[in-house]
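Notes follow once the structure below has been shown.
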Amino acid sequence: MNVNELLGSELCGSLRTNGYAIIDGLFGSNFTKGLRKEIKFLHQTEILKPNTTRLFTHDKKMISVPKKNIFEIDITRHNSDLAPNYVKVLSEDSTISDTFNKRMRNVEILKTAIKVQYNEGKGGSFSMHSDSDVKQDDRVISGVLYLNPDWKRGDGGELKLYPYPQDPVVIEPVMDRLVLFSSPHMVHRVLPAYQERYCLTFWFYGFNDDYVEIKKPTEPNLRFLLQPRNKKHLVKLHYGQEWMRSIIESHHDSETRAELVSALNSDLGKLRGYFHDYSDWIPKTKLLRSEDQPWI
Ligand SMILES: [Fe+2]
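Below is the structure:
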């Protein structure tokens, strides 16, 4: 199967109607093995740095909360010589973004960025979040390429997506699997990993309209709730306890972690007020067809 078939209209259709798409075997075994080796080298030579969660407090102060067991680096044109073989090839290739631009009428990708990441296991995880906020950056689609040839059930480190109002989906981080999803709207987390885990993230930047036309259902309250920008808030309301646990699992016990928990509690209070008048409508969103709820 060639790249054009793998990146075909089915993939773009899934991104639009489910908010995510999964492609296996796009890059091939030789390339992905080389890529893993190159990222491993970056870790062994301490080029990868510990990850932190950033948060703006209510008084606009930025705090950084160190993450457990996760190391990474952004690869840009200024530092791509650090990973001059496989990572650089990916950072200079536009096949995926060209496909989006050709096949998705609401998307215009203008720039791609790459981050490589090593999770040393030992419970390393990411709490629930979405990758971007349309008010702050232009990321439209996120992609994660997994590089774990020996992954087996029990190793952890699965990606969990929350394509509300559909049920959550758990995706195994196996070799040469690429998962694409909406950067601003798809809430996701990484479950604790118990074996080392490698991946490479793509961010596709571009035109990012915050409003998506929804034709069905015709009922205005349901159409409002199904706007992609509202879905992540509904996930927070629906899965508030899981969101809280994911913050606690992913960070060391610290004052700054307590600030993350308190920010979540404050958000939940605001969201309960904001969606109060829709409480009869929210359960009805679950009954709708996913084709009628475009994400992008
Ligand atoms: Fe993410």
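To convert a position in the sequence shown, counted from 1, into my numbering, add 29. Note that the Cβ used here is the ideal one computed from N, Cα and C, for glycine as well. Computed from a predicted structure; not experimentally measured.
Residue interval of the beta strand (DSSP E) (run including Ile51): Working through the sequence shown from its first residue, we reach residue 51 at position 22. Its beta strand (DSSP E) spans residues 49-53.
Tyr167 beta carbon near ligand 1 (any heavy atom closer than 7 Å): The sequence position of residue 167 within the sequence shown is 138, counting from 1. First, the amino acid is wrong: residue 167 is Asp here, not Tyr. Residue side-chain check: Asp167 keeps its Cβ at 7 Å or more from all non-hydrogen atoms of ligand 1.
Any non-hydrogen atom of ligand 1 within 7 Å of His305 CB: Here residue 305 is taken as the residue at index 276 of the sequence shown, counted from 1. Checking the Cβ of His305 against ligand 1 gives no.
Environment of Lys261 [buried if 16+ CB atoms lie within 10 Å]: Position 232 of the sequence shown, counting from 1, holds the residue named residue 261. Classification of Lys261: buried, given that the 10 Å Cβ count is 16 or more.
Backbone secondary structure at Ser275 - three-state DSSP: Residue 275 sits at position 246 when you count from the first residue of the sequence shown. Three-state DSSP puts Ser275 in a helix.
Distance between Ala287 and Gln73 (C-alpha atoms, nearest Å): The residue given as residue 73 occupies position 44 in the sequence shown. The residue given as residue 287 occupies position 258 in the sequence shown. Whole-angstrom Cα-Cα distance: 32 Å.
Nonlocal neighbours in the same chain, by C-beta distance under 6 Å from Gly152, ignoring five residues either side: Within the sequence shown, numbered from 1, the residue matching residue 152 stands at position 123. Scanning its chain for C-beta atoms nearer than 6 Å, with the 5 sequence neighbours on each side dropped, one finds around Gly152 the residues Pro221, in chain order.
Contact between the stretch 305-312 and the stretch 175-185 (3+ Cβ pairs under 8 Å): Counting C-beta pairs with one atom in each stretch, the stretch 305-312 and the stretch 175-185 have fewer than three that are closer than 8 Å, which means they do not touch.
Same chain, Cβ closer than 7 Å to Val199, five either side skipped, listed in chain order: As a position in the sequence shown, residue 199 is number 170, starting the count at 1. In its chain, beyond the 5 residues on either side, Glu187, Lys189 have a beta carbon closer than 7 Å to the beta carbon of Val199.
At least three beta-carbon pairs within less than 8 Å, the stretch 242-253 to the stretch 161-180: As far as the Cβ criterion goes, the stretch 242-253 does not touch the stretch 161-180, which means the pair count is below three.
Reduced DSSP secondary structure (H/G/I, E/B, other) of Asp103: Residue mapping note: residue 103 aligns to position 74 of the sequence shown, counting from 1. Asp103 falls in the strand class under three-state DSSP.
DSSP state of Asn33 mapped onto helix, strand, coil: The sequence position of residue 33 within the sequence shown is 4, counting from 1. Looking at Asn33 - three-state DSSP - the assignment turns out to be helix.
Sheet register partners of Ala292 (DSSP bridge): Looking up residue 292 in the sequence shown gives position 263. Answer is none; Ala292 lacks a bridge partner.
Identity of the residues DSSP links to Pro378 by a beta bridge: Residue coverage of the chain in this structure runs from 30 to 325, which leaves residue 378 outside it and unanswerable.
Whole-angstrom C-beta distance between Ser161 and Ser279, which should lie under 8 Å: On the sequence shown, residue 279 is found 250 positions in, with the first residue counted as 1. On the sequence shown, residue 161 is found 132 positions in, with the first residue counted as 1. Taking the Cβ atoms as the reference, Ser279 lies roughly 19 Å from Ser161, outside the contact range of under 8 Å.
Close beta carbons around Asn130, own chain, < 8 Å, minus the five adjacent residues each side: Within the sequence shown, numbered from 1, the residue matching residue 130 stands at position 101. Once the five neighbours on either side are set aside, the close Cβ partners of Asn130 are Val136, Glu137, Ile138.
Straight-line Cα distance separating Tyr227 from Leu36: Looking up residue 36 in the sequence shown gives position 7. Looking up residue 227 in the sequence shown gives position 198. Looking at the backbone, the Cα of Leu36 and that of Tyr227 are separated by about 23 Å.
Closest residue to Met215 among Arg274, Ser120, Ile325 (Cα-Cα distance): The residue labelled residue 215 in the question sits at position 186 within the sequence shown. Residue nearest to Met215 within the set Arg274, Ser120, Ile325 is Ile325 (criterion: CA-CA distance).
Reference Pro149, options Gln195, Ile99, Asn108, Asn259, closest by Cα: Residue 149 sits at position 120 when you count from the first residue of the sequence shown. The sequence given here has Glu at residue 149, not Pro. Residue Ile99 holds the alpha-carbon nearest to the alpha-carbon of Glu149 among Gln195, Ile99, Asn108, Asn259.
Status (buried if at least 16 other CB within 10 Å, exposed otherwise) for Met204: Position 175 of the sequence shown, counting from 1, holds the residue named residue 204. By the 10 Å Cβ count, Met204 comes out buried.
Completely contained alpha helix (DSSP H) runs for the stretch 122-175, where each covers 4 or more residues: Fully enclosed alpha helix (DSSP H) runs of 4 or longer: 124-132.
Per DSSP, cross-strand counterpart(s) of Pro79: Here residue 79 refers to the residue found at position 50 when the sequence shown is read from its first residue. Per the DSSP secondary-structure output, Pro79 pairs in a beta bridge with Phe100.
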